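Protein sequence lines, in the order shown, are assigned to chains C, V and R.
Residue numbering for the first sequence follows our numbering, starting at 1 and increasing by one per position.
Residue numbering for the second sequence follows our numbering, starting at 1001 and increasing by one per position.
Residue numbering for the third sequence follows our numbering, starting at 2001 and increasing by one per position.
All C-beta atoms in this analysis are idealised placements derived from N, C-alpha and C, irrespective of residue type, glycine included.
Since we're looking at a predicted model, the values are computed, not measured.
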Amino acid sequence: MEEQQQPLAERLDLFACIQCGKCTGGCPVSIRSPLNIRKVIRESTVREDLHIFFNRLEIWDCTTCSTCAIRCPRGLSPVDAIIGLREMMVEEGKIEKTVIDALDGAYKYGNPWGRAKNKRAEWAQDLDIPNAMEMEPGQVLYFVCCAASYDPRIQVIAKSLVAVLRAAGVSFGILGNKEVCCGSEIRRMGEAGLFEMLMEENMKNFAKIDPGVIVTTSPHCMNALKNDYDGLGCDVKHYSQFVWGLIEEGKLTFDTPVPMKVTYHDPCYLGKQNGVFDEPRDILKSIPGIDFVEFGRCRENSLCCEGGGGRMWMEGTGIGKRLSEVRVEDALEMGVEAIITACPFCLLTLEDAVKTTGNEEKLKVIDLMELASMAIGNSPETENEF
Amino acid sequence: MEKVAVLVEHRQNEVRDVTFEMLGKAHKLVGDGGEVIALFLGDASQKGLLDMFSPHAHRTIAYLDSALKDFEPLRYRAAFENIFENVDCQLILMAQTAFGMDLAPAIATKWGLPFTTDVVDIEVTDGNLVAIRQMYSGKVNAKVSLKPSDKVLLTVRAGAFPAEDIPKISGEIREISAGIEGDFSGRTFMKYIEAAVGDVDITQADIIVSIGRGIKDADNIPIAQELADALGGVVACSRPVADKKWLPKERQVGTSGKTVKPKVYIALGISGAFQHQAGMKNANTIIAVNKDPKAPIFGIAHYGIVDDLFKVVPTLTEKVKELRG
Amino acid sequence: MDIIVCIKRVPETAEADLVIDKSKKGIDTDGLVFSINEWDNYAVEAAIQLKEAQGGKITVISVGPEENNEVLRRALAMGADEAIRLTDPAFEGSDATAMAKILAAAIRELPHDLILTGVQADDDGFGAVGVALAQMLDLPYAALVTDINLEGDTMTVHRELEGGLEEVDKLKLPALLTIQTGINEPRYVSIMGIRRVAKKEIAAKGASELALSGNEVGPEGSMSQIEELFFPPVGEGAEIIEGTMDEKAEALVKIIKERGGVA
């Protein structure tokens, strides 16, 4: 692996920046954080010594939603400058304890929560899911995700997805305890070396399995496997893409009405970064009884929930109002009963925001697969009380 | 075990509780025919402390010297030269405390006394001593034996033995004022510093009283603070409490807050969501108080009370205060 | 300034389900994650911060088999200059006293102004090697150190006492300190950082190089020995305490006290 000896500005071609400010103009966290990504780019090009950034907590406010990269008229990726600065801090070891713990956890235990490896597949112990290592080539590999494996709230999503896949007659396997973190957040927190290690371990197992398609719970896993991993060789789909495909092929139909007025929150990693906007909506609209309303800020303009880019493990500056709380307030104004999400981090941060704003009685946060599972006749798995 | 000596632990003009715990255990070990000897190192100005514990020993040896006014291991070690000449015993008990940890291994090593530390129980069968201590985050206990020897040393965990109902015998007190010799310039005690009010690092606390949304209002936090004060611990919280700014962020336990490993973690009105659990699951003893029997916290707690914290906590605080007297 | 840090490689057991092995004197380490003892990590960071401030050389030492090179290498990546591994089949089964003898034998041959150890280890929680080592080397020492201020050839340290109280002591160098957690914030060691020191040599010394005979180390050189390990009785999930409010509170106080929860 090559050393990054090149100065950051050169490596990312930041001298091409025309300082138009479209990046900062679209940056969601700039509503609440002193982070000014345009200025960060400017300073990266004029300063010799980037250690000045080491004390700037706002570097850790960035959620890597990548709105800046999408808007840049020069095709630059300002978010990579943030990641590059984080990499410098990681190399010198000067990072927050919570980030250290997440990185250490991923290194030692294959997941940023430091949970035991041999408990990773406990969520599936009564579900009789085949071991992917024993599957024939060309099959469906379900890549579960650390959050879905260990967090009881997110395990519900995994179980719902399993129920939906089975209802559609799809056979699939999981890696079980051999699955390790996709490394998406690890890379975005600046530990490139650890990301490579995790990638190599997963790739080794994927090579043995030779799947036809990998289906993920999380848009972060999907994005990492699809866009960050080198030479995967097979298709990677978020569950919304795969499940919509099943519906289109007539393999899955929703018979049980779920009468609910809902809105849908586009996860940044699914929508903005990978252009998957329609499939989740199509799934929602095919559930009988659903009364669907769009957020004002939807699709490419979705308001980042602040769960990505390592933000699950760090607070950054902690200044201002959480965007997830703004989102909750917007949803309440719209009079919906629930916000539907398609990402574990979105679900956790929005649910947290419902609680901290004291709105548990008024608004629920539900994953798309939980809804889908109800629509095929299963009762809700969670009382949504965490 | 015929004779057991106990090193009295005292500081800032108080005899610390662990001294009585050791004296109590010493009595149990020697039984009716044996002798419990209390060893006191200090200076003449501290003689008043002798009456606090000497009624519980058959014999108290008070080694008084101005050089011993403050706890200084190099000087205490020198004093032990004299103690070993004057005191005959099979077992010396010291506490596994900041003082004891700073002294016991040096004494044991210098005089070649077989020793083990932080014992939570001591058994003597047919003259053979077996100590029980904990290992591996308190998950596994070990029976430890010592090399046969005339004299052995054990350090005892504070709180492992009861300090109540210790026999009273009013034994003799013998003062030794011989000067201690040696060059102690290697280490000099300067002063004590009291904990600053408001400087709380929850990651260093042994006892944590943690509050969650169940506390309902910032105005209710004092009941948790009172319990923490009574226990000598600190107050921490889960994220919703910190988010509402009812407590500073430094008190938050969880994935985006602090990770703590106290001896005792008392979770009041905390549901125990995954992100919170990640920050406290390694606490030695987790006690949960929550109205909801299905709260996830009960899955990782060692002990639980399913009840209203507003009823439990005041009663608990009262009982703790009674204990401290 | 020559600083020596003694470090231990220990299993992480807080999350794991432990199994007592067939001998009943140890645990089954299959599948356990090993890393540097937490206290020792703080000690290494303390040494590096002293070196960054005052210059000097840091040597890290560990007693154990080849796997111990992992923690030694990580310490090198963190900023230590040299690493030595003390290894010999005769060292197995050494208790704290025998360990201290092994370390003392190695350290006597090395220039040392300051020796740092952790207060205790994650696995046995013994808390004695550091002070025993100081005794064997006849050095002034202080245990449970939470702050170090070097002033030429003396230093002022803070010791952590109970209940938030601190003790301030002055020591003359050379000296030994046992380091308490929380003294600093240990820096992260990246994968790339560890790769950069992958080729650095770690010297290995055995009993004969250290002039230690068989009866000075291992079980023969030990003062204590584990007879048997056993699990303390424990219930499934939380043991729910029942009774009247008074009874519940009393039961709870008893538990808290037994678990060291009344400072």
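Closer than 7 Å by beta-carbon distance: list the chain C residues that pair up with residue i, in chain order.
{"i": "residue 2193 (chain R)", "result": "91"}
{"i": "residue 1240 (chain V)", "result": "355 and 356"}
Could you give the DSSP three-state label for residue i: helix, strand or coil?
{"i": "residue 372 (chain C)", "result": "helix"}
{"i": "residue 388 (chain C)", "result": "Past the boundaries of the shown model lies residue 388 (chain C); chain C is included only from 1 to 386, so the question cannot be answered."}
{"i": "residue 240 (chain C)", "result": "helix"}
{"i": "residue 2134 (chain R)", "result": "helix"}
{"i": "residue 141 (chain C)", "result": "strand"}
{"i": "residue 51 (chain C)", "result": "helix"}
{"i": "residue 1020 (chain V)", "result": "helix"}
{"i": "residue 2085 (chain R)", "result": "strand"}
{"i": "residue 13 (chain C)", "result": "coil"}
{"i": "residue 379 (chain C)", "result": "coil"}
{"i": "residue 46 (chain C)", "result": "helix"}
{"i": "residue 2018 (chain R)", "result": "coil"}
{"i": "residue 180 (chain C)", "result": "coil"}
{"i": "residue 1225 (chain V)", "result": "helix"}
{"i": "residue 1076 (chain V)", "result": "helix"}
{"i": "residue 220 (chain C)", "result": "helix"}
{"i": "residue 2011 (chain R)", "result": "strand"}
{"i": "residue 1302 (chain V)", "result": "coil"}
Looking at the strands, I want to know which residues DSSP matches up with residue i.
{"i": "residue 2141 (chain R)", "result": "R:2176"}
{"i": "residue 175 (chain C)", "result": "DSSP lists no partner for residue 175 (chain C)."}
{"i": "residue 1237 (chain V)", "result": "V:1211 and V:1252"}
{"i": "residue 1134 (chain V)", "result": "V:1141"}
{"i": "residue 1095 (chain V)", "result": "V:1156"}
{"i": "residue 135 (chain C)", "result": "Note: residue 135 (chain C) sits in no beta bridge, so no partner."}
{"i": "residue 2150 (chain R)", "result": "R:2155"}
Quick check on the DSSP output: the alpha helix (DSSP H) that includes residue i runs from which residue to which?
{"i": "residue 1313 (chain V)", "result": "1309-1324"}
{"i": "residue 57 (chain C)", "result": "No alpha helix (DSSP H) holds residue 57 (chain C); DSSP gives it neither H nor E."}
{"i": "residue 2155 (chain R)", "result": "Counting along the chain, residue 2155 (chain R) falls outside any alpha helix (DSSP H), though it belongs to the beta strand (DSSP E) covering 2154-2160."}
{"i": "residue 396 (chain C)", "result": "Chain C is shown only over 1 to 386; residue 396 (chain C) falls outside these bounds and no answer can be derived."}
{"i": "residue 152 (chain C)", "result": "152-167"}
{"i": "residue 104 (chain C)", "result": "97-109"}
{"i": "residue 299 (chain C)", "result": "From DSSP, residue 299 (chain C) is part of no alpha helix (DSSP H); its letter is neither H nor E."}
{"i": "residue 206 (chain C)", "result": "192-209"}
{"i": "residue 1277 (chain V)", "result": "1274-1280"}
Using a C-beta to C-beta distance shorter than 7 Å, which residues of chain V count as neighbours of residue i?
{"i": "residue 151 (chain C)", "result": "1274"}
Cβ-heavy atom distance between residue i and the ligand ADP below 7 Å?
{"i": "residue 1236 (chain V)", "result": "No copy of the ligand ADP appears in this structure; indeed no ligand is present at all."}
Specify, as a first and last residue, the run of the beta strand (DSSP E) that residue i falls within.
{"i": "residue 2188 (chain R)", "result": "Premise fails: residue 2188 (chain R) is in no beta strand (DSSP E) and is neither H nor E."}
{"i": "residue 2035 (chain R)", "result": "2034-2036"}
{"i": "residue 291 (chain C)", "result": "290-293"}
Residues of chain C with a CB under 9 Å from the CB of residue i: which are they?
{"i": "residue 2015 (chain R)", "result": "109, 114, 115, 116 and 119"}
Could you work out which residues of chain R lie near residue i, taking near to mean beta carbons separated by less than 8 Å?
{"i": "residue 178 (chain C)", "result": "Simply none; closest approach about 13 Å."}
{"i": "residue 1144 (chain V)", "result": "2224, 2225, 2226 and 2227"}
{"i": "residue 204 (chain C)", "result": "Neighbours of residue 204 (chain C) on chain R: none; closest Cβ ~17 Å, over 8 Å."}
Counting only Cβ pairs nearer than 8 Å, list the residues of chain V close to residue i.
{"i": "residue 135 (chain C)", "result": "None at all; the shortest Cβ gap to chain V is about 30 Å."}
For residue i, which residues in chain V fall below 9 Å Cβ to Cβ?
{"i": "residue 313 (chain C)", "result": "1255 and 1256"}
{"i": "residue 2058 (chain R)", "result": "Simply none; closest approach about 23 Å."}
{"i": "residue 2117 (chain R)", "result": "Neighbours of residue 2117 (chain R) on chain V: none; closest Cβ ~11 Å, over 9 Å."}
Note down, in chain order, every chain R residue with its Cβ under 9 Å from the Cβ of residue i.
{"i": "residue 85 (chain C)", "result": "By Cβ distance, chain R contributes nothing, its closest Cβ being about 14 Å from residue 85 (chain C), past 9 Å."}
Given that residue i touches chain R, what residues does it touch there, using C-beta distances under 7 Å?
{"i": "residue 103 (chain C)", "result": "2188"}
{"i": "residue 97 (chain C)", "result": "2185"}
{"i": "residue 251 (chain C)", "result": "Under the 7 Å cutoff, chain R gives no residues; its nearest Cβ is about 40 Å from residue 251 (chain C)."}
{"i": "residue 100 (chain C)", "result": "2188"}
_Which residues of the stretch 318-348 of chain C have a Cβ closer than 7 Å to any Cβ of chain V? Give them in chain order._
318
*Select from the stretch 2171-2189 of chain R all residues with a C-beta closer than 9 Å to any C-beta belonging to chain C, and list them in chain order.*
2185, 2186, 2187, 2188 and 2189
*Using a Cβ cut-off of 9 Å, which residues of the stretch 1093-1110 of chain V contact any Cβ in chain R, in chain order?*
1096, 1097, 1098, 1099, 1101, 1102, 1103, 1104, 1105, 1106, 1107, 1108, 1109 and 1110
_Output needed in chain order: residues of the stretch 1237-1265 of chain V with a Cβ under 8 Å from some Cβ in chain C._
1239, 1240, 1243, 1244, 1249, 1255, 1256, 1257, 1258 and 1259
_Please identify, using Cβ separations under 9 Å, the residues of the stretch 1167-1180 of chain V that lie next to chain C, in order along the chain._
none
*For the stretch 169-197 of chain C, which residues have a beta carbon sitting closer than 8 Å to at least one beta carbon of chain R?*
191, 192, 193, 194, 196 and 197
*Which residues, taken in chain order from the stretch 1069-1092 of chain V, show a beta carbon closer than 7 Å to some beta carbon of chain R?*
1074
*Residues in the stretch 2023-2052 of chain R with C-beta within 8 Å of chain C's C-beta atoms, listed in sequence order?*
2031, 2033 and 2035
*With 7 Å as the C-beta to C-beta threshold (strictly closer), list the residues of the stretch 1291-1305 of chain V near chain C in chain order.*
1296
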